[in-house]
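Numbering (my numbering) for the sequence shown: 62 to 446.
For every residue, glycine included, the Cβ atom is placed at its ideal position computed from N, Cα and C.
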Amino acid sequence: MSPRFNPVFADLPVTVFETMSRLARETGAINLGQGFPDAPGPADVRAKAAEAVVDGWNQYPPMMGLAELRAAAAAHYARWQGLDLDPDAEVMVTSGATEALAGALFALVEPGDEVVLLQPMYDAYLPLALRAGATPRFVKLSPPDWRLDEAALKAAIGPRTKAVLLNNPLNPAGAVYGRETLEAVARAVEGTDVVVISDEVWEHVTFDGAAHVSALAVKGLERRTVKIGSAGKIFAMTGWKVGLVCAPPSLMGALSKAHQYLTFTTPPNLQSAVAYGLGKEEAWFHAMRAGLQGKRDRFAEGLAGAGFTVLPTRGTYFLNIDLGPLGVTDDVAFCTQLAREGGVVAIPVSAFYAEDKVTTVARFCFAKDDAVLDAALERLGRFLR
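If you want it as structure tokens, here you go:
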């Protein structure tokens, strides 16, 4: 018997993330490739989850999510982003942001539709769009500023375009797009039925005073945007997989049906804990950002001191280096050599492109203990000497 499989997933190669993590295990290299912090997350939020699993409800929660979490999300986004959301009609809880992305694509896209993807992009975007039956159209972003060109975006949108998938702040580039860029997106989709799927999971991980602007808060996008957030990113507990979806009722009906037949519900104890966490005082969020910004600056200064050209990052857990000044034109080969000979794992940014790749940038995760960052910097310095 020779079974046939869906080629979208069956034909996918081993991801560069698995390849580089395997190299880290084989060589003992410090793994700054995977994007998760070393810290366990806020103790009070974890305690709320433990309390809820022991003393709370452990049967099916409502399909749309616990009422307390939807209300907390609406209040949180009103406080931080000026959004006016109806928690009963415009907020939904999913089992992580990736499920929310899949549900949005499966609900909104039909075979033959086109979806515009901005490169570099989170690795799940393209396979999920293809599995939904979409034809991808790509818009290339380039270092050092990763600027989104309005004319290029408009040129990618045609009569068959159903959605534009936007990631802001942008992983892996660390770019944070403000209101001006989002208004350019609004102009590009004006007069169309295009839906903007706005992946905003890094919304609280911004630096240098940059305030996140949601696509839902921009005129011309407010009635056509699916906003996706992630409690795992907000509270630096990536294993929690609690997604927050906000959208107008005209879109939420379809989104909720897709969610119903994907995961249906999300662990209620985690939902209760996230509801508590979203109500934390503003000082906690500012301190969290300041702590990560300090790590970014520590690592960036060390990289520059070692002789690397550091690209600016205003958000996410990631910092990039420009390999061009080193004469490197193959980021995959560089990262492989760095792991084997330098003892540090980075991710080649070309892995985040499907075509017309940028091949001269490497990404590091700096959300690690200071001792880990310092040990990595010592190895990186030796590698260049």
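Problem - Closest by C-alpha distance to ALA185, when choosing among LEU438, PHE413, ARG443 and ALA432 - result: Working through the sequence shown from its first residue, we reach residue 185 at position 124. Among LEU438, PHE413, ARG443 and ALA432, the Cα nearest to that of ALA185 belongs to PHE413.
Handout entry: N- and C-terminal bounds of the beta strand (DSSP E) containing LEU226
Key = Counting from one through the sequence shown, the residue named residue 226 turns up at place 165. Annotation: the continuous beta strand (DSSP E) that includes LEU226 extends over 222 to 228.
Handout entry: Range of the contiguous beta strand (DSSP E) that encloses THR197
Key = Within the sequence shown, residue 197 is the residue found at index 136, counting from 1. The displayed chain sequence assigns Pro, not Thr, to residue 197. Where PRO197 is concerned, the enclosing beta strand (DSSP E) stretches over 196 to 201.
Practice task
Please state whether DSSP places ILE295 in a helix, a strand or coil.
Solution key: As a position in the sequence shown, residue 295 is number 234, starting the count at 1. DSSP places ILE295 in the helix class (H, G or I) of the three-state scheme.
Problem - Where the alpha helix (DSSP H) containing SER82 begins and where it ends - result: Within the sequence shown, the letter at position 21 stands for residue 82. Here the alpha helix (DSSP H) through SER82 covers 77 to 88.
Problem - LEU438 and SER275 closer than 8 Å at C-beta - result: The sequence position of residue 438 within the sequence shown is 377, counting from 1. The sequence position of residue 275 within the sequence shown is 214, counting from 1. Their beta carbons are not under 8 Å apart, which means LEU438 does not touch SER275 by this criterion.
Problem - Distance between LEU323 and PHE167 (C-alpha atoms, nearest Å) - result: In the sequence shown, counting from the first residue as 1, residue 167 sits at position 106. In the sequence shown, counting from the first residue as 1, residue 323 sits at position 262. Between the alpha carbons of PHE167 and LEU323 lies a distance of about 10 Å.
Practice task
Starting from GLY259, follow the beta strand (DSSP E) in both directions and report where the run begins and ends.
Solution key: Walking along the sequence shown from the start, residue 259 turns up at place 198. Just to set this straight, residue 259 is Ser in the shown sequence, not Gly. Counting along the chain, the beta strand (DSSP E) containing SER259 begins and ends at 256 to 260.
Problem - CB of ASN232 within 8 Å of CB of PHE379, strictly - result: Looking up residue 232 in the sequence shown gives position 171. Looking up residue 379 in the sequence shown gives position 318. With a cutoff of 8 Å on beta-carbon distance, ASN232 and PHE379 are scored as near each other.
Exercise for the section: Would you check if the stretch 91 to 104 and the stretch 415 to 433 touch, i.e. whether three or more CB-CB distances between them fall below 8 Å? Expected result: Yes, the stretch 415 to 433 is in contact with the stretch 91 to 104.
Practice task
Going by CA-CA distance only, name the one from ALA193, TRP207, ASN330 and ARG284 that's closest to ALA308.
Solution key: Here residue 308 is taken as the residue at index 247 of the sequence shown, counted from 1. Residue ARG284 holds the alpha-carbon nearest to the alpha-carbon of ALA308 among ALA193, TRP207, ASN330 and ARG284.
Exercise for the section: Measure from the alpha carbon of VAL266 to the alpha carbon of each residue in GLY300, GLN332 and ARG357, then state which is nearest. Expected result: Position 205 of the sequence shown holds residue 266. Checking every option, the nearest Cα to that of VAL266 belongs to ARG357.
Problem - Beta carbon of THR155 nearer than 8 Å to that of VAL306 - result: As a first step, residue 155 must be located in the sequence shown, where it is residue number 94. As a first step, residue 306 must be located in the sequence shown, where it is residue number 245. The answer is yes: Cβ separation under 8 Å.
Exercise for the section: Rounded to whole angstroms, what's the CA-CA distance from PRO122 to THR327? Just pull it up for me. Expected result: Position 61 of the sequence shown, counted from the first residue, corresponds to residue 122. Position 266 of the sequence shown, counted from the first residue, corresponds to residue 327. Answer to the nearest angstrom: the Cα atoms are 7 Å apart.
Handout entry: Coil, strand or helix - THR370 by DSSP
Key = Indexing the sequence shown from 1 puts residue 370 at position 309. In the three-state reduction of the DSSP assignment, THR370 falls in the strand class, which pools E and B.
Exercise for the section: Return the residue from the list ARG446, ARG140 and PRO373 that minimises the CA-CA distance to ALA367. Expected result: Numbered from its first residue, the sequence shown carries residue 367 at position 306. When only C-alpha atoms are compared, the closest one is ARG446.
Problem - Three-state secondary structure assigned by DSSP to ARG446 - result: Counted from its first residue, the sequence shown places residue 446 at position 385. Three-state DSSP puts ARG446 in coil, outside helix and strand.
Handout entry: DSSP three-state assignment for ALA139, whether helix, strand or coil
Key = The sequence position of residue 139 within the sequence shown is 78, counting from 1. Three-state DSSP puts ALA139 in a helix.
Problem - CB contact flag (GLY290, GLY304, <8 Å) - result: The residue given as residue 290 occupies position 229 in the sequence shown. The residue given as residue 304 occupies position 243 in the sequence shown. Their beta carbons are under 8 Å apart, which means GLY290 touches GLY304 by this criterion.
Problem - Euclidean distance between Cα positions of ILE218 and TYR183 - result: Numbered from 1 along the sequence shown, position 157 holds the residue referred to as residue 218. Numbered from 1 along the sequence shown, position 122 holds the residue referred to as residue 183. Their backbone Cα atoms lie some 20 Å apart in a straight line.
Problem - Cβ-based burial, TRP263 [other Cβ within 10 Å; buried from 16] - result: Counting from 1 along the sequence shown, the entry for residue 263 is found at position 202. Within a 10 Å sphere around the beta-carbon of TRP263 sit 16 or more other beta-carbons, which makes this residue buried.
Handout entry: Cβ shell of VAL114 (< 7 Å), same chain only, five flanking positions each side left out
Key = Taking the sequence shown and counting its residues from 1, one reaches residue 114 at position 53. So the list reads ASN330, once near-sequence residues are dropped.
Exercise for the section: Return yes when the Cβ of VAL152 is within less than 8 Å of the Cβ of THR222, no when it is not. Expected result: Counted from its first residue, the sequence shown places residue 222 at position 161. Counted from its first residue, the sequence shown places residue 152 at position 91. If you check the CB distance, THR222 and VAL152 do not come in under 8 Å.
Practice task
For TRP345, I'd like the list of residues in its chain whose CB is within less than 8 Å of its CB, leaving aside the five on either flank, ordered along the chain.
Solution key: Locating residue 345 in the sequence shown gives position 284, where the first residue counts as 1. Cβ neighbours of TRP345 beyond the five flanking positions: PRO103.
Practice task
Evaluate GLY355 with the Cβ neighbour count: other Cβ atoms within 10 Å of its Cβ, from every protein chain shown; 16 or more gives buried, anything less gives exposed.
Solution key: The residue you call residue 355 lines up with position 294 of the sequence shown. The residue is exposed, with fewer than 16 neighbouring Cβ atoms inside 10 Å.
Exercise for the section: Report the residue from PHE70, ALA85 and PHE78 whose alpha carbon sits nearest the alpha carbon of GLY404. Expected result: Taking the first residue of the sequence shown as position 1, residue 404 is located at position 343. It is ALA85.
Exercise for the section: Buried or exposed for GLN398, please, with buried defined as at least 16 other CB atoms from any protein chain shown within 10 angstroms of its CB. Expected result: For the purposes of this step, residue 398 is taken as the residue at position 337 of the sequence shown. By the C-beta density criterion, GLN398 is exposed, having fewer than 16 other C-beta atoms within 10 angstroms.
Handout entry: Proximity below 8 Å, CB of PRO205 to CB of ASP383
Key = Locating residue 205 in the sequence shown gives position 144, counting from the first residue. Locating residue 383 in the sequence shown gives position 322, counting from the first residue. A contact, by the Cβ cut-off of 8 Å.
Exercise for the section: At 3 residues or longer, and completely inside the stretch 384 to 442: list those beta strand (DSSP E) runs for me, N to C. Expected result: Within the stretch 384 to 442, the complete beta strand (DSSP E) runs of at least 3 residues are 422 to 426.
Problem - Rounded C-alpha distance that separates GLY300 from PRO148 - result: For the purposes of this step, residue 300 is identified with residue 239 of the sequence shown, where counting begins at 1. For the purposes of this step, residue 148 is identified with residue 87 of the sequence shown, where counting begins at 1. So the two alpha carbons sit approximately 25 Å from each other.
Exercise for the section: To the nearest angstrom, report how far apart PRO172 and VAL225 are at their CA atoms. Expected result: Position 111 of the sequence shown, counted from the first residue, corresponds to residue 172. Position 164 of the sequence shown, counted from the first residue, corresponds to residue 225. Taking the straight line joining both Cα atoms gives about 16 Å.
Problem - Where LYS288 sits in the DSSP three-state scheme - result: Residue 288 sits at position 227 when you count from the first residue of the sequence shown. Under the three-state reduction of DSSP, LYS288 is assigned to strand.
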